[in-house]
Every structure is written in C-alpha cells, then in structure tokens.
Amino acid sequence: MTPSIYHQWRQRLTSLKVFLVNKFWWAKTENESAVGTASVVTQNSYKTIGRYQICAELGQRGSTMVYRGHDPKLGREVAIRALLPSFSVTDDFHERFQREIKVIAAMEHPSIVQVFDFGETDDHPFVVMPYLAGGTLERRLPEKIYSLGEMVPILKRIAGALDQAHRQGIIHGQINPGNILFDDEDQAYLSDFGITQFTEATSGEGSQNAIQIQLDYISPEQAAALKAGDEIISDEKSDIYALGVTIFEALTGQLPYQSGNRYEAALARLTEPPPQLRSIKPNLPSTYQALIDRALATNPEDRYTTATHLAQHAEEIVSGRWYFEPITEPLPPIPASNVVTPSSEHSLSSQTEEAALSEKSIGRYHIQEELGRGAMGVVYRAYDPQTNRQVAIKVLPCVFSFAPEFRQSFQREAELVAKFNHEAVVRIYDFGEHDDQPYIVMQYLPGGTLSDRMDQNALNLRQTAKIIERIAAAVDEAHRRNIIHQDVKSANIMFNAAGEAFLSDFGIATILEQTPHSDDTPPQVGGTPMYMSPEQAEASLNKTTYQPDPRSDIYSLGVIFFEALTGQLPYPNPTSYATMLAHITQPIPRLSEINSALAPECQTIIDRVLAKNPADRYPSAGAFAHDVVELASGRMLLRRLTDDLVSL
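Positions 5 to 652 (this note's numbering) are the ones given, in order, by the sequence shown.
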C-alpha cells in the first residue's frame, strides 16, 4: 500500500484518539450506553428514505440505524444504513462521503455486501444495500459456539472479500462479528466498509459506542497508539488481527482479553500473549492454537500475510493434515479491471472526463460503447457517476417500447432478478425509463461470455467443471424460487475480471406458480433452438401447450457441457427447424466419434443429462454438477478402476 493511502486512512481515524485516551471514560459509558441507544432508537425514525419505504428497524450501530426497507421501483427488500436525524455531520463530510462510497460501490466480490444506491435525506447520508435475512454473526454468537469446521466456509468467503479490498488499497478497519452477515442460504458476507465515515463525522454518544465495540478487536500496535495518545492507524495486518479475534470469539464464546473494562482489555494485548483456547474450552483440539497464535501475533510481521492464508490454514487443520510448513501463498491477484481506489485519484478524474465526453446518456448513466444486441434488447457499457463504477445497461428497443406486453415483460425481468441474492447471478442495480424506453442497469462483467471463450480456446475438463458447478448453483436457486430460466446457453454465461462465471438474461424466464394458461392461449415457448430441450422443441414445432419444467434448464446446461467437451453442439444443423427436430428425434451423439480421448464416464453423464424423457435426467442441476466435478477430479475414474479390479 502506498503512503498516500495510509495518509487517507490516518485522516479518517484521527478523531478516534479523542475518544479513546481516557480509560475512565470507557468505564462510564459502558454503563450508560444501553440507555442512550434505546432513547435514540425510540425518538428518531424515518418512514421513507429517498424512494425507499421503511419497514422495520434492524438495529443501531453508533450514530447510524440500519433499516429493512422496500424498493417500490424494483419490488425488492433492501437494507438501508442511515445517519440518525439527531446527529449532525462535519462541514466537509458530504463531499468525502460521496467520494469514499463511490470507491466502496466500485468493489466487486461475491462476498462483499454490494452498494445498490446512496444519497442524502434531510441533509443526512444513507447507503442502500441488499437485505440479508440471515442476520449477523454477532447475533448468533450468544446462542452458539462454533467449531472450526463450521467457521471454515465463513472464513473462506470473508477472507476472499477482505483480500480483494486490500488489493484495491482499501482497509476495512471494522472487522468484527457485527459486520459479518448471512443470507437465507447461510452464505457469509462482509459489510460496512464505510462505517468509520459515520463515526468520524459525528461526535455524539452513539458514535462513541461504535468505537467501543471496535476497541475489542484492535491490534497491539493500535493499542500502543491508543496508550500513547497517537493516531490509530488501520492496515492489512490490523484487519487480519481483528479477524483472528473474531475466530477466537466464535470458538470460545468470549473475547480473548477479559481485563477490567474495554480500555484495559485493549492494553492487555501489549503485555500478554494470546490466550490458550483450551484454558477456556478444554475440549478444543490443540492444533487450533497455532492458528490463533499466528493471527493474534503481537508483531504484525508474524501474522498471516493475507486473510486467505489464514483461511487456508484453518481448512488444513480441519482436514486433519498437520501444518508442518507454510501453506502455499494464494495465486497472484488477477490484474484489476477499471476500478477506482483511494490510491488512484488520477483514475477517478480521467474516468469522469471520459464520461463527460460521452455523446449519449441514459438517465444519469453515460454511455461508453455498445456491447451487443438481441431480439429483446441492446446492451451498453456505461459509467455511473454517482457510484463511480462501470455498469451494463440493457435497453428495450424502440420498436417494442410502445407495446405494453413487452414493457411489462422487460420490467418483470428487472424485478425477477433484483430479488435474487446469489453470487453467480448478474446483479441488478436500477430500473427506469429514458425517452419512453425502459432500461435495466446491471453489473458490468468485463470477462466476456462462455461462447466467446469456447470460440477462442478449448476448455479443459477442470475449467469446465468449475463453470458448470457455479452456474448449476444459480440454476438450482432459480428453481427453488419456482423460476425457470428457459434460455440457458453459453452466450448467457458471463465472466467478471476474476474469471468467475455468472448466469444472465432472465428475459424469458417463467415463474411456475404464475403460468396457468387456457387452451386457446398456450404459454410462450422460450429458448434458443441449439440449446432447447426436446419438450421445448416439440411444443415450439407443434404449437402445443408447453408447461415449463426445471429439467429443461438442466438439459440446456448439458448441451453446454457437451459443447465444452467436444467444441461443437450435439445437433449442428443449418436451420432452427432442423435443429429442434433433431433434439426430438435423433439419438444422443457418441462422444467417442468426436473425441476418442474422452473417458467413458463423460458419455454416461451426457446420456443422462441429455435424455429425451425429462424423468430420466438428473433431478437437479446440482446433481449434474456433482458428477461433472467428480469426473474432473478423477474420483469417478478411480471408482471405475477399483470396480474393475474387484470384478477380476
């Protein structure tokens, strides 16, 4: 990290020492904070914030309240963090708030809580994020002691998010269980990269309470600065230390240092080594202590080099493999895409200038280039000056804009996907109209499509398995919500800069519970002929009633697998009619006739996933992906060889 970034974070944390230098103040406010918090919550509330309707208070953190809200434009629940009306902000706060939130909004990682929107209401700032129904780790800890095995999937996601931020020059500075959230699938997310802005901008008791919370998680070098009355600096190693404290708390049910009040406990880490886990929980394996000792090392240089390194060590311990030597460092980071960080003010200004030079705009979004077009939309790459990030905008063509059914379908796509909160589904940011043309603002994915990748280079089995596994999870999540995609194909699988796959284009998706049709109005058969299931093709050719079936999506995913294995589609024909007819009537192709080097197990999987009868296919996309992963790992082949030996 460059000195300029450190300087920015020093400025952000300067005011902490004003609150932290007197240990007697801590003892006093610890006894009074509950009363102060209750009065703020009951006396200050919003009914609406911007366009968002407030449904409930989720909890107060310092001078801010987190609300559960409803976005009427996209029909989805959101979480809104807003500065409470009773607090005021410093004169220079508004400009800095916008600048820093733009940096946070530009971060893209599946485990970072995304910023949907931000603004000010009555001169008070607010940030809009996804609503995660699973609550926080902080709320879970009083009721549950975690095993390290249970913590590993949480750590892997949080560590990935934290390292992504660190690579972009962003320090979290507030790692604690209250900032680890869960969705309804129990997936962990890291939140509140911008909370110190609110804390620093206010001087009331609420902000002091927020600082008290983080005092439990400060590193020894921060505690030394606290004791000396110096500036308290956050960096990568202090974030990793705070993550180590969080692990200790999850494993034992208590914080590592219990001396007196919070101030005294903070200073204890200067003179006392990390506590022994087994002195608190005697049944914990002794191998866990090595993890704690390194994460909570007094010398920052003795800690893990990255959060991912810590998570890898935790996984190694749980797997039973003894930690004899340093674990392999993570792979070198993939070069960042056009993301603006605090260390790149020049990039911010140049990107703003580029946007200003753009000839066209859609709403507040500055169009930069056309990415592609299809029957139901044109997609552009654009720049959003409010959040300082690149976005993709899908616009309904003029020819369809005057037809109510197309407008409703377009808005329905936005609402449908906006309610998703899956890491492998393209995110929806906004929806609106410009010159009577509806548009959808989405996550911009610069890595192109799977179709493009397969045209350029052949994929090996391991690469294919990784993509299939991730997209299958997204397909199953859609099916769990009774949504049938109907157009799963390689052109609708896109990649971000890190090479992670995303499922896109739910434009013709069907909601099962909303598909009753009379005989004279058969439902629309969606899909692309090359990827259509036999039942889709039959309904399309015969103009018969088609009842959407999740197994059609699984068939389409199987076509993608066939395409990746062989470099060609299973039924290549010159016309759509011939292609659809082939899906219905022609036998499943033999892989050995295309590539004799493929293992027989590949054909076994293809025969099941491309079965003509839906009942003969895999019951879920996840079950299909499981076999693909087993094949790619070699475990399926090993089982066959073992069975062959046994039969001899």
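Glycine included, every Cβ here is placed at the ideal spot set by N, Cα and C.
| Check | Outcome |
| --- | --- |
| Where Q447 falls: helix, strand or coil (DSSP) | strand |
| Sheet register partners of R65 (DSSP bridge) | T68 |
| Any 3 or more C-beta pairs closer than 8 Å across the stretch 78–91 and the stretch 119–128 | yes |
| Per-residue DSSP class, three states only, for T583 | helix |
| Whether P442 touches V395 by CB criterion (9 Å) | no |
| For R80: DSSP bridge partner residues | D75 |
| Every unbroken beta strand (DSSP E) inside the stretch 217–256 [3 residues or more] | none |
| Beta-carbon spacing of P114, A418 below 9 Å | no |
| Closest by C-alpha distance to S560, when choosing among Y292, I116, S365 and M584 | M584 |
| Limits of the beta strand (DSSP E) - the one that V117 falls within | Note, V117: premise wrong, no beta strand (DSSP E); not H, not E. |
| Alpha-carbon to alpha-carbon, K616 and R594 | 15 Å |
| Option nearest L136 by Cα separation, candidates E154, G436, I598 and S195 | S195 |
| Residue from E473, L271, S283 and T68 with nearest C-alpha to V632 | E473 |
| As assigned by DSSP and simplified to three states, the class of A386 | strand |
| Endpoints, alpha helix (DSSP H) assigned at E417 | P408 to A422 |
| Exposed unless 16 or more other CB atoms sit within 10 angstroms - verdict on K364 | exposed |
| Spatially closest choice to A269 from P408, V445 and P224, by CA coordinates | P224 |
| Range covered by the alpha helix (DSSP H) that runs through L465 | L465 to R484 |
| Within 9 Å, strictly: CB atoms of H317 and A301 | no |
| Inter-stretch contact at 8 Å, needing at least 3 Cβ pairs: the stretch 132–148 / the stretch 69–86 | yes |
| Member of C402, L569 and F410 whose CA lies at the smallest distance from the CA of D459 | L569 |
| Cα-Cα separation, V249 to Y221 | 6 Å |
| Reduced DSSP secondary structure (H/G/I, E/B, other) of I598 | coil |
| Contact check, I158 vs L141, beta carbons under 9 Å | yes |
| Close Cβ partners of I149 (< 6 Å) along its chain, the five nearest in sequence each way excluded | G257 |
| Sub-9 Å separation of Y550 and E539 beta-carbons | yes |
| C-alpha distance - V382 paired with E374, whole-angstrom precision | 8 Å |
| Euclidean distance between Cα positions of P330 and L166 | Legend: pLDDT at P330 = 33, less than 50; position of this residue unreliable, value from coordinates given subsequently. In a straight line, the C-alpha of P330 is about 21 Å away from that of L166. |
| Residues near F328 by beta carbon distance below 7 Å, same chain, minus five either side | Interpretation of F328 is limited by its pLDDT of 33, a score under 50 that renders its predicted location unreliable; no figure is taken from the coordinates. |
| Straight-line Cα distance separating Y581 from A192 | 46 Å |
| N-terminal and C-terminal residue of the beta strand (DSSP E) that F435 is part of | I432 to H438 |
| Cβ distance (whole Å) where G452 is taken to contact F499 below 8 Å | 6 Å |
| Candidates R612, S151, P578 and S600: closest to P591 by CA position | R612 |
| T654 - DSSP class collapsed to helix/strand/coil | Residue 654 cannot be examined here, being either before or after the span of the chain that is shown, 5 to 652. |
| Contact belief for L288 with L255 at Cβ below 8 Å, rounded distance in angstroms | 7 Å |
| Extent of the continuous alpha helix (DSSP H) to which H98 belongs | F97 to A109 |
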